[in-house]
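See below for the structure under consideration.
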Amino acid sequence: MKTLLIVNASLNQDDSHSRQLAAELQAGWLAIHPQGRVIQRDVGAAPPPHLDIETVTAFYTEPDRRDEATQRLIALSDQLVAELQAADEVVIATPMYNFSVPSGLKAWIDLICRVGVTFRYTEHGPEGLLHGKRGLIIATRGGRYAAGAPAAAANHQDPYLRTVLGFVGIDDVTVVAAEGLSAGRDGFEQAQQQLQRCLQVPEAALVD
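Numbering (the numbering used here), first residue to last: -8 to 199.
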């Protein structure tokens, strides 16, 4: 059974472009995979806590030495990692906030980047452990930050997310960006069309 993980990051619950695009993607994906499973993780409505030193220490405590208190500290991280491990395809839908991603999404990233769990260090450098998955980044922004735009150097949204996904082993990543939304719906409609093209490839949704 195919499994899709959707991570929504927008603080806007009622009128979010990224949420609408993610919902349309989900509907199209389920039409292709009617028996598929969708995992919803909303880090906009329910942001994970930011890392603290106690949690970091718990991460580095050997499993056979973790007491009940230590297990509680890493319980949410374990759950988030399990959702990633279960997914065949991962969608991150996020607006751009101040040139980057919402803090709830950054907190999620800090909880899923786990040494020995989602990546490991080798003599050749870090190696991601979440192989065989596809990723889709749905990025929305009011201005224009794509390659070639005057403000492209200020885009720390989808390049950052692509780096994070690659770091944990998800290298097959598509980016769909809805740009210029403060000036109208053209960018949104172009993103809708791009998502439809992604979904028109049988048994290979979310592939470039």
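Here a beta-carbon is modelled for each residue, glycine too, at the ideal position from N, C-alpha and C.
Hey, would you say residue 9 sits closer than 8 Å to residue 129, going by beta carbons? Taking 8 Å as the Cβ cut-off, residue 9 and residue 129 qualify as a contacting pair.
Taking the alpha helix (DSSP H) that residue 180 falls in, what are its first and last residues? Counting along the chain, the alpha helix (DSSP H) containing residue 180 begins and ends at 177 to 190.
Inter-residue Cα distance where the pair is residue 142 and residue 166: Computed Cα separation, rounded: 18 Å.
Residue interval of the alpha helix (DSSP H) (run including residue 200): No answer is possible for residue 200: the residues shown for the chain start at -8 and end at 199.
Mind checking which residues open and close the beta strand (DSSP E) that includes residue 31? Element bounds for residue 31: 28 to 33.
Collapsed DSSP secondary structure at residue -5 in the structure displayed: Per DSSP, reduced to three states, the secondary structure at residue -5 is strand.
Burial state of residue 3 (16 or more Cβ within 10 Å): Exposed is the label assigned to residue 3, since fewer than 16 other Cβ atoms lie within 10 Å of its Cβ.
Ignore the nearest five residues each way along the sequence and tell me which others in residue 26's own chain have a CB closer than 7 Å to its CB. Taken in chain order, the residues that qualify are -8.
When you compare each of 59, 21 and 93 to residue 131 by their alpha carbons, which one comes out closest? If we check each option's Cα against that of residue 131, 93 comes out closest.
With respect to the beta strand (DSSP E) encompassing residue 84, which residues constitute its N-terminal and C-terminal limits? Following the DSSP letters along the chain, one finds residue 84 inside the beta strand (DSSP E) bounded by residues 80 to 86.
Does DSSP classify residue 54 as helix, strand or coil? Under the three-state reduction of DSSP output, residue 54 falls in the helix class.
Assuming the contact rule is C-beta atoms closer than 8 Å, residue 34 and residue 95 should be a hit. Round their C-beta distance to whole Å, please. Contact holds; Cβ gap of about 4 Å.
According to DSSP, is residue 10 part of a helix, a strand, or is it coil? In this structure, residue 10 counts as helix in the three-state DSSP scheme.
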